[in-house]
Amino acid sequence: MGVALLDSVVEELAAAVVMTEANDRKSVDTVRRCLAKLREVVRSDCASEDLIALADACIALETRLKASETETDAEALAALSDAVGRLQSCAAATAKSNRQASAVSPERVTRDEDTVGLIGEFLSESEEGLGRADQILMNVEPGGASAEAVNGLFRVFHTVKGVAGFLELNEITRLAHTTEDMLGRCRDGMLKLADERLDVVFDATAMVRRMLAELRAAVQDSAPFATLENLEELLQRLRALTEDAPPAVAAAPADTNPLEPAASVSSTSHGPQAAGTTKLRETVKVDLERVDNLVAMVGELVMVEAMVGNAPEIAKSASARVRNCLSQLAKVTRDLQDVGMRMRMVPVAGVFQKMARMSRDLGRKSGKPLRLVLSGETTEMDRSLAEQIADPLVHMIRNAVDHGLEPPEDRRKADKPEEGTIRLSAYHEGGSIVIELADDGRGLDRDAILAKARVQGLVGPNDTLSESDIHMLIFAPGFSTAQQVTEVSGRGVGMDVVKRNLEAMHGRVTISTTPGQGTTFKMLLPLTLAIIDGMMVACGQDRYIIPTLSVVESIRPSKGMLVTFAGQLEMINVRGQTLPLVRLARLFNIADAQSDPTQAIVVIVEGVGRRLGLVVDEVVTQQQVVIKSLGQGLGPTRFLSGAAILADGRVGLIINVEEIAGATAERRSWTATDAAAAPAVARIEEGRP
Amino acid sequence: MTTIANGKVSGIPTMGDRAGKYLAFRLAEQDYGLAILQVREIIGLVDITRVPCVDSFIRGVINLRGKIIPVIDLRMKFGMEPCAASEQTVIIVVQYPTTRGEITMGVLVDQVQEVLSIEADKIEPAPSFGAGSIDSDFILGIGKTDQRVIFLLDIGRVLSGDDAKAGVPGATA
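Here it is as structure tokens:
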């Protein structure tokens, strides 16, 4: 029991830390409150020593937060978020071991196979239902609940209640029942589903979800199903809000309620109908591994098909009929590949819904009323991409709310509606998927950003930067960690994280902004993580693939473009920009590569916001490749991000540009400065520890 | 010392368990054996793509019907001269479970011989070579048939030491 409480406190703390910003006293105070709570819980708890030590470390940081200086706050917060991360994993481990301990004790619950199967079905059905409930709740908000929406919610809880009752999951049954009771009254027109009641339905949905997660864990460990701490409180809130109603004629318990047409979906049926919003699709659940295997096999088939088709023997001797069949075969294989790829695709709706939920909370907490407008939710993207995009989106929405949108009074002065609008949309463009986040806030303040970047030394005093270069500065690491540019401008918390994540996904981000009218972030992502456009380069006997997304240009340098500092640090001067030069042959220890750069090709690549020149012998070709893992057993392969099978069946290695750029940055951290200044900068930077 | 080698790790099978079929192969005039259950297939020498910045005994990666697997040179792993390609050079594809899932790997050897059935009373525990010499941990035992002596290898142990050292899965793609 205590562990569950501890868990929830730690979770709350983690959430608070994430939401906090150094110069925002209010949120800092929230963190301090959470820390106080943590202290109480840890003292009174059976927690392990590790946990107490970690919690103490967190609490110690609290004293630093008291000093209301922004600088120390920022530092303390960073330390705190680190400590909280460890605390979370430690608490999770404790919870797990506790559960296991209880599983060994006589309390161990045995469930027969049938029950486990039923619970499994119940879990997936209910989770689906909750997803639908979320969707309905999101749509309800602007207009007030329609009868249809209430009905939909009612049905979700009704189904959960029915099956949970059947499986004798009493807590879930009680919660679902109480919620259903209230919704029933709303449906009958006795109550209005708005404001506080809407909130409580939100909370009930979240609670059911947590209980389901608990249940899942309990079943997996054959442990008894524990009650969650805040359940009673929520039940009371629900009851209070139900009682608010004008005295009802008969508050008949829902168990004895005759099933009205609206609730006619019986608890045993598979997947109750959605609340009239989307049409149901027939789906089959398949093990992800099988899908991946299938996709891999199809990939091989494509390869073999190409080998057969291109075999010189066939080309020489084939009759028209054979050639015809071969081209048929080629077409079918391509189609099959297409179908296979699509199997891994999921609509972005799931991620968008999470964002909708979060922005709602954010808007409330920041005191800025806002509306999140979603579009293109049905756009599909690779499953793993959809999972990875969530994290950067959270940061970006938070930024849009915190720094993009003005407070209501400012908006009124600017003749804008008080309610801010954030548009989140997804669509296809060329061969990419675009996720666009647009706010109608104040826009980026270019002068303030530039001034700040100069102070931080990101930009030299005499540099001239293009508009888009200036905007990209907000993604520079470290740009945002200190206090903001000014109170009224500059975005940046966690924006470097956004850029890093996107680069890991082989994607990129662009910004467009109009002062006073808003900012639009456009994220371009590949259709799938599995395929990239690659540029194949040769170096000695080896062939390597550079992801085309990271390639800026490739040039054959003339003697005048090459600069060497102290005989060892090679640089290349490209149109006034001095970039470090990395010889692939040296990095990868390749024998008999071209040693004279003027006879070689310099591929200018960009990674983690830094450009550099990669010296290779020649550029062989451009082609799409299927990324494969290098597999285990190789040990660390720092500068490689994977491998691909080339048309001739050999393996080509994919260069990890980000890592190489990162390594260059470690050694000599100059940024774009003019040619004359570069060596001096290099010397200074290298002198630093 | 032999008792320690025997009872060192509980997961190690006893001598009796070690009886069974082994794939015998040759490495620099000496015979070795791999438990047949760990061997997935034997393929001829193919083009190996060199991987930069990894241990020298890793010859590179190959494409095994669409799957990319590393190939190690067992000679170099054991501190001998690198394997020179000949007509008889082959890659034995082995598969063994680890804590991080199954690993498939190619092992470059001079020559494969035959599959031998070795009985428990023909297997002796490996002697200890003392500290400082090659780790003999991965020798399951020494099998004796007719006039030959075969080192029976636990391939998982031969390779896992490096895995543990590396501590990371090979790729992040």
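Each protein sequence line maps, in turn, to chains A and X. Read the first sequence against this note's numbering and you will find it ends at 691, with the numbers running on by one and no gaps. Read the second sequence against this note's numbering and you will find it ends at 177, with the numbers running on by one and no gaps. Note that CB positions come from ideal geometry on N, CA and C, so glycine has one too.
Chain A within 8 Å of residue i, Cβ atoms only
| i | result |
| --- | --- |
| X/Arg161 | no |
| X/Gly37 | no |
| X/Val97 | no |
| X/Pro74 | yes |
| X/Asp77 | no |
| X/Met80 | no |
| X/Pro86 | no |
| X/Asp51 | yes |
| X/Ile47 | no |
| X/Gly83 | no |
| X/Asp59 | yes |
| X/Ile66 | yes |
| X/Gly145 | no |
| X/Val55 | yes |
| X/Arg104 | yes |
| X/Arg44 | no |
| X/Val172 | Here the model assigns X/Val172 a pLDDT of 37, short of 50, so the residue's position is not dependable, and the following value carries that caveat. Answer yes: the Cβ-Cβ gap between X/Val172 and chain A drops below 8 Å somewhere. |
| X/Asp167 | Per-residue confidence for X/Asp167 stands at a pLDDT of 42, beneath the threshold of 50, marking its modelled position as unreliable; no derived number is given. |
Residue i: first and last residue of the uninterrupted alpha helix (DSSP H) it sits in
| i | result |
| --- | --- |
| A/His397 | 385–401 |
| A/Ala219 | 197–222 |
| A/Val306 | 290–312 |
| A/His473 | 469–474 |
| A/Asn172 | 172–189 |
| A/Ala351 | 351–368 |
| A/Val286 | Counting along the chain, A/Val286 falls outside any alpha helix (DSSP H), and DSSP gives it neither H nor E. |
N-terminal and C-terminal residue of the beta strand (DSSP E) that residue i is part of
| i | result |
| --- | --- |
| A/Leu328 | Counting along the chain, A/Leu328 falls outside any beta strand (DSSP E), though it belongs to the alpha helix (DSSP H) covering 322–345. |
| A/His160 | Counting along the chain, A/His160 falls outside any beta strand (DSSP E), though it belongs to the alpha helix (DSSP H) covering 149–168. |
| X/Lys186 | Outside the modelled stretch of chain X, which goes from 5 to 177, sits residue 186 of chain X, for which no answer is possible. |
| X/Asp77 | 71–77 |
| X/Asn67 | 62–68 |
| A/Glu555 | 553–557 |
Whole-Å CB distance - residue i paired with residue j, under 8 Å assumed
| i | j | result |
| --- | --- | --- |
| X/Pro74 | X/Gly110 | 7 Å |
| A/Gly615 | A/Ile574 | 5 Å |
| A/Val353 | A/Leu395 | 7 Å |
| X/Ile52 | A/Ala645 | In fact, because the Cβ distance is near 12 Å, the residues do not count as touching under 8 Å. |
| A/Phe156 | A/Glu182 | 6 Å |
| A/Phe641 | A/Glu661 | 5 Å |
| X/Gln42 | X/Tyr100 | 5 Å |
| A/Ser386 | A/Leu527 | 11 Å between Cβ atoms; not a contact. |
Strand pairing of residue i, partner residues [DSSP]
| i | result |
| --- | --- |
| A/Gly697 | Nothing can be reported for residue 697 of chain A: it is not among the residues displayed for chain A, which extend from 3 to 691. |
| A/Met573 | A/Val565, A/Pro582 |
| X/Gln99 | X/Thr108 |
| X/Leu38 | X/Leu27, X/Leu157 |
| A/Glu235 | In the DSSP output, where bridge partners are listed per residue, A/Glu235 has none listed. |
| A/Phe695 | Nothing in the structure corresponds to residue 695 of chain A, since chain A is present only between 3 and 691. |
| A/Gly644 | A/Ile656 |
| A/Cys541 | A/Asp544 |
Under 8 Å between C-beta atoms of residue i and residue j
| i | j | result |
| --- | --- | --- |
| A/Pro371 | A/Glu420 | yes |
| A/Met538 | A/Thr639 | no |
| X/Gln117 | X/Arg30 | yes |
| A/Gln390 | A/Asp136 | no |
| A/Leu132 | A/Thr180 | no |
| A/Val627 | A/Ile548 | no |
| A/Ser10 | A/Glu173 | no |
| A/Val1 | A/Arg444 | Any property of residue 1 of chain A remains undetermined from this structure, which presents chain A solely from 3 to 691. |
| A/Leu439 | A/Arg400 | no |
| A/Phe523 | A/Lys501 | no |
| A/Ile592 | A/Gly635 | no |
Min CB distance residue i to chain X below 8 Å
| i | result |
| --- | --- |
| A/Lys630 | yes |
| A/Phe641 | yes |
| A/Arg585 | no |
| A/Gly311 | no |
| A/Glu302 | yes |
| A/Arg652 | yes |
| A/Leu655 | yes |
| A/Ala602 | no |
| A/Thr483 | Any reading at A/Thr483 is ruled out, since the residue's pLDDT is 41, under 50, leaving its predicted position unreliable. |
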